[in-house]
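Residues 531 to 702 (the working numbering) make up the sequence shown, in order.
We treat Cβ as the ideally placed atom computed from N, Cα and C, and that holds for glycine.
A quick note: this is a predicted structure, and the numbers were derived from the prediction, not measured.
One structure is given here, and the rest of the page talks about it.
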Amino acid sequence: MSSLFEFGQNNKPEHPIRCPHCATTLIIRNGTYLRAHPEKIGQVAIQRYLCKSPQCPWKTFSVLPYPFLPIIRHFYRTLFLCHSLCYAQNRSQADTARRLNVTRGVVKRLRGFCRRFISWFNREEPIADWGPDPEANQAELWPDFNRDISHTFYPCRWLNLSPTQYIPTCFQ
Ligand SMILES: [Zn+2]
């Protein structure tokens, strides 16, 4: 007879999935897409959701689990390591590529992003909800961290422009 209360307690996850565009929990699952794991061999199915709020400007979204980053195909810690090798240690592209186990072309593209990313990270981590360490509580902090990255570096993903926004794009 107390099924209403039991339903609420048993079926609500500790951190309910919310639409990152309107914060509603009125969402349903909407298929998956595959992403390469930044650390391990193989791909991981990422859950896609459909926002059911009629007021929401955005229709589909996904909440990337740790350690996935929006759009960026590299591991979170790789960004810090690449930044340190390129700028703090002043190592060459070839040396950095060898140490990161990637090609020089990847380092060439990644180092510019790392400079912007670390500058942003250092500015935000004392004041952001996910700071100072988004890895400390991954279930709670990682989605906020990813949302802020996406807002900052991929603002076009937050405008109501087209329904194709979640087709994965390659890291530029
Ligand atoms: Zn929404």
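Same chain, Cβ closer than 7 Å to residue i, neighbours up to 5 away in sequence not counted
i	result
C686	none
Q577	R559, T562, S592
L615	R621, T626, R629
P664	L671, W672, F675
R548	T554, T555
Residues near residue i in its chain [Cβ-Cβ closer than 6 Å; skip 5 each side]
i	result
C644	L609, C612, H613
H567	V574
Nearest to residue i (by Cα), restricted to the options the options
i	options	result
R677	Y606, P597, V593	V593
A575	L630, Y563, G635	Y563
T590	P568, G561, T682	G561
S680	F647, L640, E670	F647
I557	P546, H567, R565	P546
T682	P662, G572, A666, A658	A658
F598	A618, Q585, K570	K570
Y519	Y617, A618, L640	What the structure shows of the chain is the stretch from 531 to 702, and residue 519 is not part of that stretch, so it cannot be assessed.
Close-in-space but distant-in-sequence residues of the same chain around residue i (CB under 8 Å, 5 per side omitted)
i	result
G635	none
Q585	C552
Any C-beta of chain B under 8 Å from that of residue i
i	result
W650	Annotation note: the requested chain B is absent from the structure, which comprises a single protein chain.
Problem - Stretch pair the region 619–639 + the region 654–669: three plus CB contacts closer than 8 Å - result: Too few Cβ pairs lie closer than 8 Å, so no.
Exercise for the section: Could you tell me whether the region 642–651 touches the region 608–624, where touching means 3 or more Cβ pairs closer than 8 Å? Expected result: As far as the Cβ criterion goes, the region 642–651 touches the region 608–624, which means the pair count is three or higher.
Handout entry: Pocket of ligand 1 defined by Cβ to heavy atom distance under 6 Å
Key = Contact residues of ligand 1 (beta-carbon closer than 6 Å to any heavy atom; chain order) are C549, H551, C552, T554, C581, S583, C586, W588.
Exercise for the section: Report yes or no: do the region 570–581 and the region 547–555 share at least 3 C-beta pairs separated by less than 8 Å? Expected result: With a cut-off of 8 Å, the region 547–555 and the region 570–581 count as touching, because enough Cβ pairs lie within range.
Handout entry: Sequence ranges, beta strand (DSSP E) only - wholly within the region 563–636, length at least 3
Key = Within the region 563–636, the complete beta strand (DSSP E) segments of 3 residues or longer fall at 573–581, 590–592, listed in chain order.
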